[in-house]
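Sequence order for the protein chains is H and E.
Just so you know, the working numbering puts 95 at position 95 of the first sequence, and the rest follows in order with no gaps.
Adding 1000 to a residue's 1-based position in the second sequence gives its number in the working numbering.
Below you'll find the structure, written out as structure tokens, and then a few comments.
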Amino acid sequence: MSTITLTTEHVFKRIKERFEGSINHAYEPWGLLTIGIDYTKNYELLSFLRDEEDLQFNFLTDLCGVHWPNDKEKFEVVYHLHSLVNNFRLRIKARIPGEVPHIKSVVKLFPTANWMERETYDFFGIHFDGHPDLRRILNVDEMVIFPLRKEYPLEDNVRTDKKDEMFGR
Amino acid sequence: MSSIAIPKPKLVEAPDGLMGPGYFATRLDKVIGYARQYSIWPLPFATSCCGIEFMATMGTHYDFSRFGTERLSFSPRQADLLMVMGTIAKKMGPVLKQVYEQMSEPRWVMAVGACASSGGIFDSYSVLQGIDHIIPVDVYVPGCAPRPEQIIDGIMRIQDLVRNEPLRRRNSPEYKKLMESYGIKTE
Chain H
1 MSTITLTTEH VFKRIKERFE GSINHAYEPW GLLTIGIDYT KNYELLSFLR
51 DEEDLQFNFL TDLCGVHWPN DKEKFEVVYH LHSLVNNFRL RIKARIPGEV
101 PHIKSVVKLF PTANWMERET YDFFGIHFDG HPDLRRILNV DEMVIFPLRK
151 EYPLEDNVRT DKKDEMFGR
Chain E
1001 MSSIAIPKPK LVEAPDGLMG PGYFATRLDK VIGYARQYSI WPLPFATSCC
1051 GIEFMATMGT HYDFSRFGTE RLSFSPRQAD LLMVMGTIAK KMGPVLKQVY
1101 EQMSEPRWVM AVGACASSGG IFDSYSVLQG IDHIIPVDVY VPGCAPRPEQ
1151 IIDGIMRIQD LVRNEPLRRR NSPEYKKLME SYGIKTE
């Protein structure tokens, strides 16, 4: 029985063949291949990685958001993929421009992305177009802010019992 | 061989009243207060580490049942005392309020620990900064987490309130006003 092992070079070569113009950057921190791509190509790339015979990235380990308040493209979505068949991990990053970020949903490819995208929407306000049920998942529905954006004070500003004068400050 | 002194069991003292041969007269609300004081059914609403301290309090070593609280009620409809132990997230707030509304009068609330009392260390967007924002609280037990002795002290302060509460308190305009300030309906 032969074991199929993917190499970083092979995976990168396969992605490069297909998405030559969409790769913004690629690096390999601690041996984990990380590719930054054009955010409009996220669905296409994940579909390609999942369905190709030699790649089979069939498991979406994690999906999360990042806020970069000082950059031009303020929001980022990170996909962690795992090929269970080949035991190979891969990370895809997509920077999204604009004040109201929109990116295509990958729920149709990976049903597990449903709650992960809802969580990312809940905390960062990143809209996933095509998501079947995009609403808050962890915070209260009445919340009007996106709390993990780096633009809100950490303390609850409605509280009255931790005023500075009570602590002699 | 020296004899071991066995302490006399301490009995509950009778309320103030007029006693003579064959009769004892006192106020009805005092009798009811005495009866209620030693038959509180607590509802433990334990969400985190303070709940673990409560489990120790219920255990054989501290034996919470000594105070007449033998029977924990896991249905709010039968409970007299709501013991909130642990962090209450804002999303949990409406649930806690519903549990309180389901309890029948008279009802008491005890906030156990820093989180239930004031939000504690969770100075955060997602945590309720004290349960007294949504329901009225009778006794606050400080500590993070409070020791079982403190929880027992809290229940004894609740017993003081139960014993001394006038029978008409729950029908008074002040009480109705308090409930209205929390948006809780009274019959």
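Glycine included, C-beta positions come from ideal geometry on N, C-alpha and C.
What you are looking at is a predicted structure, and each value in this text was computed from that prediction instead of being measured.
- Residues of the same chain with a CB within less than 8 Å of the CB of H/Ile35, apart from the 5 flanking positions on each side, are Phe12, Ile15, Ile23, His25, Ala26, Leu90, Arg91, Ile92 and Lys93 in chain order.
- If you compare the alpha carbons of E/Ile1121, E/Leu1178 and E/Lys1030 with that of E/Asp1160, the shortest gap goes to E/Lys1030.
- Following the DSSP letters along the chain, one finds H/Ile37 in no alpha helix (DSSP H) but inside the beta strand (DSSP E) bounded by residues Thr34 to Asp38.
- Around the C-beta of H/Trp68, fewer than 16 other C-beta atoms lie within 10 Å, and the residue is accordingly described as exposed.
- Per DSSP, E/Glu1105 is not a residue of any alpha helix (DSSP H), being assigned neither H nor E.
- Counting only residues of its own chain and dropping the five nearest sequence neighbours on each side, E/Tyr1062 has a CB closer than 7 Å to the CB of Ala1056, Pro1148 and Ile1152.
- With its beta carbon at least 8 Å from every one in chain E, H/Val77 lies outside the interface.
- With a threshold of 16 other beta carbon atoms within 10 Å, E/Pro1044 meets it and is buried.
- At a beta-carbon threshold of 8 Å, the residues of chain H lying near E/Lys1091 are Leu138, Asn139 and Val140, ordered along the chain.
- Interface residue (Cβ-Cβ distance to chain H less than 8 Å): E/Tyr1175 is not classified as such.
- Annotation for E/Gly1017: no alpha helix (DSSP H) segment contains it, and DSSP assigns it neither H nor E.
- The criterion of a C-beta distance shorter than 8 Å is satisfied by E/Phe1054 and E/Met1085.
- Restricting attention to H/Pro132, H/Val78, H/Phe19 and H/Pro29, the CA atom closest to the CA of H/Thr8 is found in H/Pro29.
- A Cβ-Cβ distance of about 11 Å is found for the pair E/Val1112 and E/Thr1087, leaving them out of contact under the 8 Å criterion.
- If you draw a straight line from the Cα of H/Gly125 to the Cα of H/Lys41, it is about 20 Å long.
- Counting along the chain, no alpha helix (DSSP H) covers H/Cys64; the unbroken beta strand (DSSP E) around it starts and ends at Phe59 to His67.
- Taking CB atoms only, E/Tyr1140 has no neighbour in chain H less than 8 Å away.
- The alpha helix (DSSP H) runs of length 4 or more contained entirely in the stretch 1068-1143 of chain E are, from start to end of the chain, 1093-1102 and 1113-1118.
- Excluding five sequence positions before and after E/Pro1166, the CB atoms of its chain that fall closer than 8 Å to its own CB belong to Asp1029, given in chain order.
- Under the Cβ criterion of 8 Å, E/Tyr1125 is counted among the residues facing chain H.
- For E/Phe1024, no alpha helix (DSSP H) run applies; the uninterrupted beta strand (DSSP E) run containing it begins and ends at Tyr1023 to Ala1025, by DSSP.
- Using a CB distance cut-off of 8 Å, H/Pro147 counts as an interface residue toward chain E.
- E/Trp1108 is the residue among E/Gln1129, E/Lys1177, E/Ile1184 and E/Trp1108 whose C-alpha sits nearest the C-alpha of E/Ile1155.
- Assignment of H/Phe124 by DSSP, reduced to helix, strand and coil, places it in the helix class.
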